[in-house]
Every structure is written in structure tokens, then in C-alpha cells.
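In our numbering, the protein residues as written are 28 to 295.
See structure below.
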């Protein structure tokens, strides 16, 4: 019974974020894809962005029992190119590259044979030795070995959450995320060059880590401007995800895709 309530709650939360006309017999909007955004999964930590492993598995079971396909980002990209090729679905994404993804999410992808995507703050997992990284591999984040193991399964897609841009800095507009605005003493050309270097380096390092191209980007803190959106597109990413609520519908800008934030209180 508890799972039934949680299933209903999850589907209701998904459906209320869709701004399109119709819904199918499951109460899930037709012709739309919902991207769920998780962060850390832990049975010890309590925080607004942390869900338990039990709750995550119940979400997955609820989605599958409702008959909704779990899609990869590559499948979502193909769907955006040709919406007639498929119907509604759900995408599971996890931001920040915590090693809890390896311990709690990765086993579920194998158990249920479903895809999931993880966006790494790349410098936190494996900074190259010749880079200008401001730090080292941060405890609690995915290691090179974990990233390689998961990428080889075909069920886990690794994306960029920037190389070293998940932090606030002093900009002309005040304290802002690293990729959003020019620094106090930086002109616009210097700003664009700095953003491009971070994005390019994140793709290069992830390619070295996984052996595959990094095609997906998640904006740090959800902050996005027109300039940043254009840089992400020009650097070779195929999709970019925001934190704006809503669902993905045909014709939407593939570099401004909305997501539904999942919080621990979403339990029915």
C-alpha cells in the first residue's frame, strides 16, 4: 500500500509539471518526457537534496509499474530529433558526481536494467596532472576507476557539470556561479574564453576517463544565460539540462531542457 501511494504521488508530481493538452490513461501527459533530477543518495545524511536508497528504489519501481519507459539521454536526444518515434517517458539524472551514485544508483541500473545519467564536477573526480586545477580529487566523489567501470556497462551515461565551475566567484553583478558572468576585472572576450576553456576541458577529461564523447551538460546551480547556453552548444554538447521545472516536449530548445527536482519529502 505504501508503494501504491508513492507511485501515485510521483506520477502526480510528474504530470502537474507538464504544460501540454492531453494525458494518457495513466495520468501521464502524452508526448512529453520528464527528466527527474536527484543529487546525493544516502541512508545516513538528511538534507533537502538527499534521498534514501529505499526511496530511490521505490521511485524506480513506481515508474516501471506504471508502465513508463526509463530513457537514457541518448534516447531523449533521438526523441527530440524524431518525436514520432516514441511516446512519454522518464529520464533519471543525478548531479554533482557523488560516489553514492556508484554505491546506490549503479546497482539499481543493473538490477532493473534501466539507464541513468550522472553529471560530474570533473575536477572533483580526476583532474589531469598538467592542468591548472585548484584542487585534487575530492573525497565523496566518483573515482576514475568507478567512472570507467560504470561507463563500460552501457547503462550509465556520464555528463559534465563543468570542469571547475561549480563554485561562486565575484563578478560584475555580485557573487555568481563561475560560468555565468565576467569577473570584476574581466572583459567579455576574456569571460567567453574562460567559459570555453572550462567546458572544453570537462569534455576532454571525461573522454579520457570513459573512452567516449561527453555529449551532455548540466548547468551548475541551474544558472544559465544566453551566452552560456551558446557556449555549451558551440563546444559540442548535444543536450543541456537546467533546473527549471517542467517537462520536455517536442520543439523545445535542447540546450534549455527542464527537470523535476526530487526531494526526500516526495514520498506520498
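For each residue, glycine too, the CB sits at the ideal point set by N, CA and C.
Given the structure is predicted, the values throughout are model-derived calculations rather than measurements.
- Across the set 119, 186 and 128, the C-alpha of 119 shows the shortest separation from the C-alpha of residue 287.
- With 16 or more other Cβ atoms inside 10 Å of its own Cβ, residue 225 counts as buried.
- Here residue 75 is near residue 290, since their CB atoms are less than 8 Å apart.
- Secondary structure note for residue 232: it is in no beta strand (DSSP E), and the uninterrupted alpha helix (DSSP H) holding it is 215 to 237.
- Residue 187 sits buried, since 16 or more C-beta atoms from the chains shown fall within 10 Å of its C-beta.
- By the criterion of at least three beta-carbon pairs nearer than 8 Å, the segment 135 to 146 is in contact with the segment 174 to 192.
- Measuring C-alpha to C-alpha distances from residue 63 to each of 98, 207 and 80 identifies 98 as the nearest.
- For residue 254, the enclosing alpha helix (DSSP H) has its first and last residue at 253 to 261.
- Less than 8 Å separates the beta-carbon of residue 100 from that of residue 266.
- Shown here for residue 275: same chain residues with a beta carbon closer than 6 Å to its own, the five before and five after excluded, namely 60 and 284 in chain order.
- Distance from the CA atom of residue 80 to the CA atom of residue 214, rounded to whole angstroms, is 46 Å.
- When the beta-carbon positions are compared, residue 116 and residue 96 come within less than 8 Å of each other.
- Ranking 152, 234 and 238 by CA distance to the CA of residue 168 puts 152 first.
- The beta carbons of residue 185 and residue 241 sit closer together than 8 Å.
- For the pair residue 122 and residue 245, the CB atoms are nearer than the 8 Å cut-off.
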